[in-house]
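> Dropping a structure here in structure tokens format, bear with me for questions.
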Amino acid sequence: MTWLTAEIAAVNQETPRVRTLELAARGWPGHRAGQHLDLRLTAEDGYQAQRSYSIASAPGEPLALTVERLDDGEVSPYLVDEAREGDRLEVRGPIGGYFVWDGDEPQPSLLIAGGSGVVPLMAMSRHHAQIESRAPMRLVVSSRTLADVIYREELNRLTAKGDGFEVVHTLTREQPPGWTGYTRRIDPELLSEVAFPAAEAPRVYVCGSTRFVDAAADGLIEAGYEPGWIRTERFGATGS
Amino acid sequence: METRDLKLDGNAIGGLMLELVGSDLTAAISVCGGCGAHEEMARLDVYTGAGIVVRCRHCEAVMIRIVQGRGRSWLDLSGTASLQLDQ
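As they're listed, the protein sequences go chains A and B. First residue of the first sequence: 29, per the working numbering; consecutive thereafter. First residue of the second sequence: 18, per the working numbering; consecutive thereafter.
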């Protein structure tokens with residue numbers, strides 16, 4: 029697989045630390061919801077830095093990445109603070125045949141996101157709307173504060189469609205006055221309240237830090253889920 | 018994420034394996050040479066540092082080691098009994 033040149037076609041600030049970059053990449057073969065790509069930057073002196081980023085857009089939509097700035101990162105500060113329309117970078121992909129949701133199965137899908145782990149799950153949520161799936165899909169999003177919730181407006185719109193898509197928020201650090209959602213990190217009790225009954229054999233997708241993913245998977249297994257139903261993707265330093 | 022986790026999973030080496038062997042192996046069934054467990058490569062534990070170590074999520078045996086440097090890559094699959102790829 030070769031590296032393709034991609035031009036930044038649009039930039040959207042999602043939260044103070046998170047930006048979406050729409051990319052125009054000639055020769056891009058398309059992608060499935062949940063896949064990621066490798067992105068490479070080359071400095072003037074030839075130094076190269078490469079990272080993996082999840083694809084945020086639904087299949088068939090313009091290629092978009094949503095990137096969170098890691099303050100000690102090498103790549104994300106550029107992508108979030110400096111990159112502008114017309115800048116060029118290189119991408120390779122799409123990558124991943126496991127953490128994907130194609131919408132061709134009838135059982136409910138439970139998506140669990142820690143912070144910017146929502147990105148590949150947003151591609152699945154958008155795909156659910158795009159293909160007019162009636163299969164139940166529930167997205168659980170854990171964020172620090174309301175201002176840190178990525179895609180908040182769009183998630184409200186997707187929920188309002190009434191097509192079986194639901195969102196559950198938990199704000200772990202600070203909540204606005206009158207907040208009625210969850211106020212803590214995900215734990216077995218929270219999961220047992222938001223998860224579909226095990227008898228429905230849901231498909232589960234969890235994305236976040238290793239600690240978050242392990243807590244979610246362990247909690248679901250405690251709630252009677254089979255390990256084989258749970259697909260996970262861990263974020264870490266290689267995703268900075 | 019804000020954390021600097023060293024423990025990842027096989028999704029994280031999807032691009033690297035594609036580069037090394039020419040196929041997307043994230044969904045390839047990988048059989049542990051230690052305990053015989055079958056899992057998609059995406060479900061294996063991946064530790065990154067100077068090199069990459071892939072461990073069985075059941076018995077923690079080393080299944081794959083990858084070291085890159087000086088324009089070469091060294092891929093040690095001796096802990097993997099087999100890989101099953103879709104055609």
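Glycine residues also receive a C-beta, built at the ideal position from the N, C-alpha and C atoms.
#1: For N40 (chain A), is the classification buried or exposed, using 16 other Cβ atoms within 10 angstroms of its Cβ as the cut-off for buried?
#2: So which of A:Q135, A:V177, A:Y126 has the shortest CA-CA distance to M150 (chain A)?
#3: Quick one, are the C-beta atoms of M87 (chain B) and V79 (chain B) less than 8 Å apart?
#4: Since I83 (chain A) sits in a beta bridge, which residues does DSSP pair it with?
#5: Decide yes or no for the touch test of the segment 213 to 223 of chain A against the segment 104 to 120 of chain A: beta carbon pairs closer than 8 Å, at least 3 of them.
#6: Taking the alpha-carbon positions, what's the V48 (chain B) to L102 (chain B) distance?
#7: Cβ of L174 (chain A) versus every heavy atom of the ligand SAH: is any distance shorter than 7 Å?
#8: For A44 (chain B) and chain A, any beta-carbon pair shorter than 8 Å?
#9: When the Cα of A53 (chain A) is compared with those of A:E42, A:A38, A:E133, which residue comes out closest?
#10: Using CA coordinates, which residue listed in A:R239, A:E250, A:Y233 is at the minimum distance from L138 (chain A)?
#11: Sorted by chain position, which residues of the same chain lie with C-beta nearer than 7 Å to S161 (chain A)'s C-beta, five sequence neighbours on each side aside?
#12: Using the C-alpha atoms, what's the distance from V169 (chain A) back to T198 (chain A)?
#13: Got a sec? Which residues, its chain only, sit under 6 Å from Y179 (chain A) by beta carbon, not counting five neighbours each side?
#14: So what does DSSP say about R180 (chain A), is it helix, strand or coil?
#15: Could you tell me which chain A residues have their CB closer than 9 Å to the CB of A59 (chain B), listed as they occur along the chain?
#16: Would T48 (chain A) count as contacting chain B if we go by Cβ distances under 8 Å?
#17: Please name the residue in B:E56, B:G32, B:G68 whose C-alpha comes closest to that of I46 (chain B).
#18: Of the residues A:R60, A:A92, A:E194, A:G74, which one's Cα is nearest the Cα of R47 (chain A)?
#19: Using a beta-carbon distance below 8 Å, is G88 (chain B) in contact with chain A?
#20: Nearest chain A C-beta to A29 (chain B) closer than 8 Å, yes or no?
#21: For T260 (chain A), tell me which candidate among A:E250, A:A226, A:E254, A:A245 has the shortest Cα-Cα distance.
#22: Nearest CA to the CA of S85 (chain A): which residue from A:R79, A:A77, A:Q78, A:T94?
#23: Could you name the residues of chain E that G68 (chain B) contacts, counting a contact when the two beta carbons are closer than 7 Å?
#24: In its own chain, which residues sit with a C-beta less than 6 Å from the C-beta of A226 (chain A), not counting the 5 before and 5 after it?
#25: Quick one: what's got a C-beta closer than 6 Å to S90 (chain B)'s C-beta in the same chain, skipping five residues either side?
#26: At which residues does the alpha helix (DSSP H) containing R47 (chain A) begin and terminate?
#27: I'd like to check one pair, H64 (chain A) with S80 (chain A): are the Cβ atoms closer than 8 Å?
#28: Output yes or no for whether 8 Å exceeds the beta carbon distance between W207 (chain A) and A229 (chain A).
#29: State the start and end residues of the unbroken alpha helix (DSSP H) segment that holds D191 (chain A).
The short version:
#1: exposed
#2: Looking at A:Q135, A:V177, A:Y126, the one whose alpha-carbon comes closest to that of M150 (chain A) is A:V177.
#3: This sequence places Arg at residue 87 (chain B); Met is not what is there. Not closer than 8 Å, so no.
#4: Per DSSP, A:L93.
#5: no
#6: 12 Å
#7: Of the ligands one can find in the structure shown there are none, so the ligand SAH has no counterpart to examine.
#8: yes
#9: That would be A:A38, whose Cα lies nearest to the Cα of A53 (chain A).
#10: A:Y233
#11: When the five nearest sequence neighbours on each side are left out, the beta carbons in the same chain lying within less than 7 Å of the beta carbon of S161 (chain A) are those of G131, in order along the chain.
#12: 6 Å
#13: Result list for Y179 (chain A): M150, in chain order.
#14: helix
#15: G124, G125, Y126, F127, R259, T260, E261
#16: Judged by the 8 Å Cβ criterion, T48 (chain A) is not in contact with chain B.
#17: B:E56
#18: Checked all of A:R60, A:A92, A:E194, A:G74; the closest Cα to R47 (chain A) is A:A92.
#19: Not one chain A Cβ lies under 8 Å of G88 (chain B).
#20: By this cut-off, A29 (chain B) is an interface position.
#21: Closest by alpha carbon: A:A245.
#22: A:T94
#23: Here chain E cannot be found, since the structure's protein chains are A and B.
#24: G252, Y253
#25: L37
#26: From DSSP, R47 (chain A) is part of no alpha helix (DSSP H) but of the beta strand (DSSP E) over 46 to 53.
#27: yes
#28: no
#29: Per DSSP, D191 (chain A) lies in no alpha helix (DSSP H) segment and is marked neither H nor E.
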